[in-house]
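As given, the protein sequences belong to chains A and B, one line each in that order. Just so you know, we're using this note's numbering here: the first sequence kicks off at 6 and counts up by one. Just so you know, we're using this note's numbering here: the second sequence kicks off at 28 and counts up by one. Virtual Cβ for every residue (Gly too), placed ideally from N, Cα, C.
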Amino acid sequence: MIDAPNTPKALARQLSCSRRDFLRGAAGVALGSSLMSASPLMRGAAAAAKRKIIVITFGGGARDQETFAPEGQENIPNLLHELIPQSSFFTQVVNQGILGHYVATASLATGVYETLNNFSAVPPQHPTVFEYFRKDLHRPLSDAWVVAPSNGFNRIGESDYRSYGPGMGARVVLPKHLLAAAGSGTDHEHLLRDNYETPLYTPQLAGGEFELQQLEMILKLSVDDFKAHARTLSSPDELSMYIARRLMRQESPSLLWITMHDIDIAHAGAYSLYIDAIRRTDRLCAEFWKAVQSEPEYAGNTTLFILPDFGRDGDQDSGGNGFQHHRTGDAASRTTWMMALGAGVRQGVVYDRPMQSIDLVPTLGAMMGFSASVSQGKPIKELV
Amino acid sequence: MLPRDLKAEQFAGYPPQARELVAAHLAALRQLPLSFLPSLLREVIDYDFKFPAERASIDKELANLSSLSPAQVNDWFHGFSQLSLSSQLEKFDWINQPAQFLEQLSAYLWTTGQMDEFRKAAIVYGDRLRSLEPPDALPVRRLGIAVIGQGVASYDAPLFRNLRRHGAYFGRVKPDNGLSLLLNAVEARAKAHPVPYGHWYIDGGEQAGRSPSLTCVSYQGLAPARAALLRNIQTEVQRPGMGPEQLRTHLAQLLPTDLGMDQAGDQVLGHFQVRLLTEGSGTQIFSTTFAQWTAREALRRAQPLTLLVRFAPRQRQKPMNELLTSGQGETDLDVTGSLVDADMGAYYNWLNQQRLPGAEQSAFLVWFEGHNQALAIGPSLPRGTESTTVADLSELVALATS
C-alpha cells in the first residue's frame, strides 16, 4: 500500500507536487515562482477587443494515475508533448463545491460554488461569465457560445440572477440533441451516448438551445451534411469539437466554452473505456488547438484554457470505488489542474500554489475587461 | 421527529430480528444525533438479511453504544452533533426509510458545504469503533484469487502493473487445468474451514462449477433477474415525475421476488444479489463491472476467508439507452478491453481485501487465464520480484498461502 499523507490539504499538496515534478522532468517546464511576476498579457483596448477566449472542460473528470502521474503519461501524449510546453500550467486547482458535472461546470462558469440540483435542467443561480461578458462589453448574442454534449447542460448559458439572466447569456448548442433531432439512424447511435451519471434520466429541454433549422442558417451546414459528417466520428466529444470548429469558422465568437464529457463513461465501471476516453480527449484538445491556429480570426489572439471540472475518487478511499465515481469528496476528486496557453500566456511554466476552480471567471474578466462582480473567486495573478 | 422521541412501536415495520434488536438498544439510540442515527438504522433494518460478519459488527456497535454514558455519547458524537440539519430532514420518515433519508441528507450536506465535516466525523467514529477490541483471529489466512483475460489469445502490454510491487511475478506458469485447480483449492479450503458465507466463487460469465461448500454468484446466473430489472426500470422511467433520485429510491425498495428470484432460496444471498444490481453502477450491463463490484461487496459485507473471482468478456460499448433496454447484443464482446477492466478489477479486489482484518497475513493470486503469467502476494513471498519458477496454479496457491 502507498504511504500517503492523511489530511485533505496534505493530499492536495502532494498531488500538486507530483504533477509539478513530473512536468519538470517530462516536459521540461520551469517553476513559475522563479519567474518575474509581471503579466505578459496584451494590454490596451484594441487588443482586448480582438481577444478570443476558449475554455475547454476536460470532462468529466480524470485522475492523476491515468494522466499526469508517471504511469498515466502514456494516455496524454498530446497534452504532454504539444500543449504543456506552450502553457502556463497550474498544478493545484481545488474544487470545494458539489462534485456533480452540471453543478460543477455551472460553478466554473459563474465563479460561485453553485448549489443547484445536479440532475435538474435549471439555470445557474449566479450570473455566468457569458452574462458578465455580454452586458459589460455590450457584445451581441452571437459573441458567446457554449457547446455541451449532454442535455442536462442546456441551461448553462445564462442564470436567473436579477439584473442579468434571460437574454444576456450565451447560446447553447447540444450537438447530440441536434443529431437526434436530425433523425438519427443506426449510423449515429455511437454518438448519442447519454449522461453517464444518470443514464436513465433526460430532462425536458427548455431555454436558448440551438435549434435544428439554425444549423444551416448559422453554421452553414445542411442537415444531410451534418449527418454525413457525424457518421465519420467516433464519440459525442468528437461531435462537439466538430460543431465548435464550425462555430469558429462561421460565427467567430469571442467567448467559446466547450464541455467535454466522454471520460464520464467511467461511471459504468469499465476501466478500459475510461482510458480510451482520456486518450480521445487528449487527442481532441490538441487537434482543436491546431484548428484554432488555422482560423484567421483566432490565430495569434486566442487564449485557451483547459481544465477538468473535478477529479475522480482515489483508490485509497474505502468509501468510493476508485476511478468509477466522484462521490467521496476526497482530495483526488477535488484537486485538479488547469493549463492556459496562447495569446499573452507564458510558455512552459508551472505554478503550484493552490487556487480554486471558481478563480477562472474573475480571471477571464480581468483578461477581457469585464467585472465578475458576484463571483467569489479571485483573479489568477499569474495570468492577469 | 428527533431520536430522543423514539418509541419501540415506531419500528413495527422492521423485520422481526431487527425489531428485537432495536427494542433491546432503544435507550442508546435515543441519545444519538439525527445526522448519525439513520446511517445505523439503514444497517439495522436489513439485519434479518445480513451476512454473519455484518450481524456481528452491528451487534458489537450497538453493545458499545448501550455501554456509553451520556457524557461519553457527547464525546463520541461531537462531530456529528455540530452539523446543522433542516427541519425538512427532521420531518422525514427516517425510521422506516433510512436509506432514502441518507440520500436527502447527502444532498443537503453537499448543498450546505458540510460534507467534509460529515466525512471527518464518520472517519473519526469508524476509527474509534474499530479500535475498541481487536478482531477475532482468522481460522486460516485470507485468500483472494482473480482470474482475468478469458478468451484473449494474446496480449503484449504488461499486466498486473498496480500489483507488481506488492508481490512476485511468475512468467512461467503451467496453465493446464488452471481454473479447475483453483476451484479445487478453494473448495478444499471451504471444507477444511466451514464458515457460513466464508468461501465465495464469483463468475463474470457462466459458472464453471458448483459446490455446496461455496457461495456462488454469476453474471449469467442472474440473467433473468437482470432482464427483469431492466424491464422494471423501463416501466418506471415512463412514469410522470420520475427523475434519477426517484428512480434510485424505487430501486432501493426492490426485493428478490420483484425480480422473479426464487422465494424458497437463500434469502440472505437473494437480497445481496438484488443490491448488486440495484446499487451497483454498470453491474446490469457490463460483466466486468459486475464481477468487480460483486467482489467488492462480498469482501466488505461477508468478509470471506476465500474469494475466487473469474472475470469474463463484457459486451461492447453502445449508447447507454440501448445497453439498458435489453440484453440483446451481449454476444458482441470486447475481449481485450475486458482484460484491461479485469486487470484493474483484480487490483481493486486486492485493495478491498487489504481493508479487512488480517491484511498483513493475507494472500492474493491473479492469473491471466490460459496463459503463463500470474502474480502472487503473500507474507512469505518477496515483493516486487520476478520468478522463473515453473509452477501450476495449485502450487502458486500453496506458495501464496504458505
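Neighbour list for residue i in chain B, Cβ cutoff strictly below 7 Å
i               : result
S277 of chain A : G364, V367 and D368
T120 of chain A : T138
D320 of chain A : L378
Q329 of chain A : S308
F124 of chain A : G270, P271 and E272
Contacts around residue i, its chain only, beta-carbon distance under 6 Å, and the 5 residues preceding and following it disregarded
i               : result
A55 of chain B  : L92 and S93
Y166 of chain A : H131 and P132
E256 of chain A : S147
A148 of chain B : G106 and F107
P166 of chain B : H220
Y206 of chain A : With a pLDDT of only 48 at Y206 of chain A, under the threshold of 50, the placement of this residue in the model should not be trusted; the figure read from the coordinates follows. None.
Bounding residues of the beta strand (DSSP E) (the contiguous stretch that carries residue i)
i               : result
S207 of chain B : Premise fails: S207 of chain B lies in the alpha helix (DSSP H), G205 to A219, not in any beta strand (DSSP E).
L170 of chain B : L170 to I175
T2 of chain B   : Since the first residue of chain B shown is 28 and the last is 429, residue 2 of chain B is not available in this structure.
M173 of chain A : Where M173 of chain A is concerned, there is no enclosing beta strand (DSSP E), given that its DSSP letter is neither H nor E.
D230 of chain B : H226 to D230
T341 of chain A : T340 to G347
L413 of chain B : Correcting the residue identity first, residue 413 of chain B is Glu in this sequence and not Leu. Taken as a continuous stretch (DSSP letters only), the beta strand (DSSP E) holding E413 of chain B covers T412 to S414.
L48 of chain B  : Careful: L48 of chain B lies outside any beta strand (DSSP E), inside the alpha helix (DSSP H) at P43 to A51.
L335 of chain B : T333 to R337
A180 of chain B : From DSSP, A180 of chain B is part of no beta strand (DSSP E); its letter is neither H nor E.
V134 of chain A : Element bounds for V134 of chain A: not the beta strand (DSSP E) but the alpha helix (DSSP H), V134 to L142.
Under 9 Å from the C-beta of residue i: neighbouring residues of chain B
i               : result
E76 of chain A  : R188 and N189
N159 of chain A : Within chain B, no residue comes near N159 of chain A; the closest Cβ sits about 16 Å away, beyond 9 Å.
Distance, residue j Cα to residue i Cα
i               : j               : result
S42 of chain A  : T96 of chain A  : Note that S42 of chain A scores a pLDDT of 45, beneath 50, so its modelled location is shaky; the value from the coordinates is reported in the next line. Cα to Cα, the separation comes out at about 17 Å.
H182 of chain A : R216 of chain B : 55 Å
A67 of chain A  : I283 of chain A : 7 Å
G140 of chain B : L238 of chain A : 41 Å
A279 of chain B : V151 of chain B : 28 Å
E300 of chain A : A186 of chain A : 29 Å
A348 of chain A : L260 of chain A : 14 Å
N379 of chain B : S207 of chain B : 25 Å
M173 of chain A : S362 of chain A : 23 Å
K218 of chain B : D69 of chain A  : 44 Å
M372 of chain A : F138 of chain A : 11 Å
T340 of chain A : G64 of chain A  : 14 Å
W394 of chain B : W103 of chain B : 45 Å
D322 of chain A : G305 of chain A : 44 Å
P162 of chain B : A401 of chain B : 31 Å
S407 of chain B : S429 of chain B : 7 Å
L116 of chain B : L132 of chain B : 7 Å
P43 of chain B  : V99 of chain A  : 48 Å
A271 of chain A : A51 of chain B  : 44 Å
Spatial neighbours of residue i in its chain, beta-carbon cut-off 7 Å, leaving aside the 5 residues before and after
i               : result
P171 of chain A : E163
D359 of chain B : Q342 and R343
R48 of chain A  : Bear in mind that the predicted position of R48 of chain A carries a pLDDT of just 47, short of 50, making it unreliable; the figure below should be weighed with that in mind. So the list is empty, once near-sequence residues are dropped.
D267 of chain A : S240, P241, D242, A282, R285 and T286
R160 of chain A : A126, V127, P128 and G212
L366 of chain B : I175, G176, V179 and Y182
Closer than 7 Å at the beta carbon, the chain A residues around residue i
i               : result
T316 of chain B : A273, G274 and A275
Q388 of chain B : The contacting residues do not exist; Q388 of chain B stays about 15 Å from chain A at best.
Contacting residues, own chain, Cβ-Cβ under 8 Å from residue i (five flanking each side not counted)
i               : result
A45 of chain B  : F38, V71, I72, D73, Y74 and D75
S421 of chain B : L208, L209, N211 and A212
W121 of chain B : M28, L61, L64, P65, L68 and F128
L33 of chain B  : L53, L56, R57 and I122
P30 of chain B  : L56, R57, Q58, L59, P60, L61 and L64
N80 of chain A  : E71, T72, I280, I283, R284 and D287
Q300 of chain B : V244, L249, A252, P283 and M288
Contact set between residue i and chain A, taken where Cβ atoms lie within less than 8 Å
i               : result
R382 of chain B : S323
Enclosing alpha helix (DSSP H) for residue i [first to last residue]
i               : result
Q97 of chain A  : Counting along the chain, Q97 of chain A falls outside any alpha helix (DSSP H), though it belongs to the beta strand (DSSP E) covering S92 to V99.
W121 of chain B : Premise fails: W121 of chain B is in no alpha helix (DSSP H) and is neither H nor E.
Under 8 Å from the C-beta of residue i: neighbouring residues of chain B
i               : result
I280 of chain A : V367
I103 of chain A : W137 and T138
Within chain A, partners of residue i - CB distance below 9 Å
i               : result
Q300 of chain B : Within 9 Å Cβ-Cβ: nothing; Q300 of chain B doesn't reach chain A, min ~17 Å.
key: Cβ contact (3+ pairs, closer than 8 Å) linking the region 116-130 of chain A and the region 350-369 of chain A   = With contact defined as three or more Cβ pairs closer than 8 Å, the region 116-130 of chain A and the region 350-369 of chain A are in contact.
request  = Could you tell me whether the region 221-234 of chain A touches the region 265-276 of chain A, where touching means 3 or more Cβ pairs closer than 8 Å?
outcome  = As far as the Cβ criterion goes, the region 221-234 of chain A does not touch the region 265-276 of chain A, which means the pair count is below three.
ask   = Do the region 363-378 of chain B and the region 146-162 of chain B touch if we need at least three Cβ pairs shorter than 8 Å?
value = The region 363-378 of chain B, when compared against the region 146-162 of chain B, does not touch it at the 8 Å Cβ threshold.
task = Count the C-beta pairs between the region 322-336 of chain A and the region 350-358 of chain A that are closer than 8 Å, then say yes if the count reaches three, no if not.
result = No, the region 322-336 of chain A is not in contact with the region 350-358 of chain A.
task = Examine the Cβ distances between the region 388-406 of chain B and the region 181-197 of chain B and report whether three or more of them are shorter than 8 Å.
result = As far as the Cβ criterion goes, the region 388-406 of chain B touches the region 181-197 of chain B, which means the pair count is three or higher.
ask   = Taking three-plus beta-carbon pairs below 8 Å as touching, is the region 363-374 of chain B in contact with the region 168-176 of chain B?
value = Cβ pair count under 8 Å is three or more, so yes.
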